[in-house]
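Asker: Chains as they are written, first to last, in the numbering used here: chain A, 11 to 123; chain B, 11 to 123.
My questions all concern the structure below.
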DNA sequence: GCCAACTACCTTGCATAACAAAGTACCTGC
DNA sequence: GCAGGTACTTTGTTATGCAAGGTAGTTGGC
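So, in structure tokens, the structure goes:
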């Protein structure tokens, strides 16, 4: 139980929300997402991202299309489906409530009941 | 991939932080923590909390002492160790950075780059 | 045309951990 | 002594994050 492990744990559940949000802003492919998430200091690696995208796709939240690249192999560009859009909206509520709950607990001082 | 599952995912990593924080405010035993977490709408069940407390104890972040109860079986009252206190402080930073990162991503509009 | 380097996506196997459910044990009141 | 309540523990299942390795298309040097 070291710090790094705990930090990873903390980021875990948030990933899905961030990814859906990034995709909601317009068609993207995996490497772009990786860049943006890394830039935001939310660590992700390929081995996490690709299976997650596949899960989201299989759940009907995402769709994709192959696009030829002018420099390299073809890319899978992801878009949100309608149900993905609804799901994202619910996750947004969850995230806001979670922040509130945690900060409520953290704000309490000893015997602050 | 349903909503409830995603919500659970999101709460996962945060739990450890919340629990350490609750303990940092003074000696508590598991049932009290369960109540407080449930009141804050952060779902936990015994099967999650007890093993987590054991893990934290084994990592040297927590210590406990048995206290006789006036009405029921004895209780394990947990306290933070010094290294638990340091750990909590680092998790606090992590949580603040995580909120910032996520909200940064979420605040971006399409082509907001 | 062949090979190396690069990009992009996919798969396998292991370790961790959340949870449901069932179990153990202690106490009180009758 | 046994029913009911409280408190802590254990077991087995399932999910999933990730390291590492794999497949495959493209480009450029020669």
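All residues carry an ideal CB built from backbone N, CA and C; glycine is no exception.
In this text the structure is predicted, and so the values were computed from the model without any measurement.
Name the chain A residues whose beta carbon is nearer than 7 Å to that of residue 114/B?
Answerer: By one-based count along the second chain, residue 114/B stands at place 104. What residue 114/B touches in chain A: 50.
Asker: If the cut is a Cβ gap below 9 Å, which residues of chain A does residue 22/B touch?
Answerer: Here the question's residue 22/B lines up with position 12 in the second chain. Within chain A, the residues near residue 22/B are 19, 20, 22, 23.
Asker: Tell me whether residue 77/A sits in a helix, a strand or coil according to DSSP, three-state version.
Answerer: Counted from its first residue, the first chain places residue 77/A at position 67. Three-state DSSP puts residue 77/A in a strand.
Asker: Please decide whether residue 32/B counts as near chain A, where near means a Cβ-Cβ distance under 8 Å.
Answerer: Along the second chain, one-based indexing puts residue 32/B at 22. Output row for residue 32/B: interface = yes.
Asker: Using a Cβ-Cβ distance under 8 Å, would residue 2/B count as near chain A?
Answerer: Residue coverage of chain B in this structure runs from 11 to 123, which leaves residue 2/B outside it and unanswerable.
Asker: Considering Cα atoms alone, identify which of 81/B, 59/B, 48/B, 74/B is closest to residue 90/B.
Answerer: Walking along the second chain from the start, residue 90/B turns up at place 80. It is 74/B.
Asker: To test your reading of the DSSP string, which unbroken alpha helix (DSSP H) runs of 4 or more residues are found completely within the stretch 26-55 of chain A?
Answerer: Whole alpha helix (DSSP H) segments, 4+ residues: 40-49.
Asker: Does the beta carbon of residue 118/B sit closer than 8 Å to a beta carbon anywhere in chain A?
Answerer: Within the second chain, residue 118/B is the residue found at index 108, counting from 1. Yes, contact with chain A.
Asker: Let me check understanding here. Comparing Cα to Cα, which of 33/A, 119/A, 92/A, 55/A lies closest to residue 4/A?
Answerer: With chain A covering only 11 through 123, there is no way to say anything about residue 4/A.
Asker: Any beta carbon of chain A sitting closer than 8 Å to that of residue 40/B?
Answerer: Locating residue 40/B in the second chain gives position 30, counting from the first residue. By this cut-off, residue 40/B is not an interface position.
Asker: Step through the CB atoms of chain B and report whether any lies within less than 8 Å of the CB of residue 45/A.
Answerer: Here residue 45/A refers to the residue found at position 35 of the first chain. No, residue 45/A does not count as interfacial toward chain B.
Asker: Can you list the beta strand (DSSP E) stretches of 3 or more residues lying completely in the stretch 61-113 of chain B, in chain order?
Answerer: DSSP runs (the beta strand (DSSP E)) wholly in the stretch 61-113 of chain B: 72-77, 85-90.
Asker: Along chain A, in chain order, which residues have C-beta atoms closer than 7 Å to that of residue 99/B?
Answerer: Position 89 of the second chain, counting from 1, holds the residue named residue 99/B. Neighbours of residue 99/B on chain A: none; closest Cβ ~10 Å, over 7 Å.
Asker: Count the other C-beta atoms from every protein chain shown that fall within 10 angstroms of the C-beta of residue 26/B, then say buried if there are 16 or more, exposed otherwise.
Answerer: Position 16 of the second chain holds residue 26/B. With 16 or more Cβ atoms within 10 Å of its Cβ, residue 26/B is classed as buried.
Asker: Should residue 74/A be flagged as near chain B, meaning a C-beta pair shorter than 8 Å?
Answerer: To locate residue 74/A, count along the first chain from 1; it is residue 64. Judged by the 8 Å Cβ criterion, residue 74/A is not in contact with chain B.
Asker: Quick one: using the 10 Å Cβ neighbour count with 16 as the cut-off for buried, is residue 50/A buried or exposed?
Answerer: Numbered from 1 along the first chain, position 40 holds the residue referred to as residue 50/A. Burial call: buried.
Asker: With 16 other CB atoms within 10 Å as the buried threshold, where does residue 23/B fall?
Answerer: What you label residue 23/B is simply residue 13 of the second chain in a count that begins at 1. Burial call: buried.
Asker: If residue 16/B and residue 101/A are in contact, beta carbons under 8 Å, what's the gap, nearest whole angstrom?
Answerer: For the purposes of this step, residue 16/B is identified with residue 6 of the second chain, where counting begins at 1. For the purposes of this step, residue 101/A is identified with residue 91 of the first chain, where counting begins at 1. Contact holds; Cβ gap of about 6 Å.
Asker: Rounded to the nearest angstrom, how far is the Cβ of residue 88/B from that of residue 62/B, given a contact under 8 Å?
Answerer: For this step, residue 88/B is matched to residue 78 along the second chain. For this step, residue 62/B is matched to residue 52 along the second chain. 11 Å between Cβ atoms; not a contact.
Asker: Starting from the beta carbon of residue 63/A, find every residue of chain B whose beta carbon is closer than 7 Å, and list them in chain order.
Answerer: Locating residue 63/A in the first chain gives position 53, where the first residue counts as 1. Near residue 63/A there are no residues of chain B at all, since even the closest Cβ is about 12 Å away, more than 7 Å.
Asker: Could you tell me if residue 55/B is buried or exposed, where buried requires 16 or more neighbouring beta carbons within 10 angstroms of its beta carbon?
Answerer: On the second chain, position 45 is the one that residue 55/B refers to. Exposed: under 16 other Cβ atoms inside 10 Å.
Asker: Only counting the same chain, and skipping five residues up and downstream in sequence, which positions put a Cβ closer than 7 Å to that of residue 32/B?
Answerer: As a first step, residue 32/B must be located in the second chain, where it is residue number 22. Around residue 32/B: 38, 43, 46.
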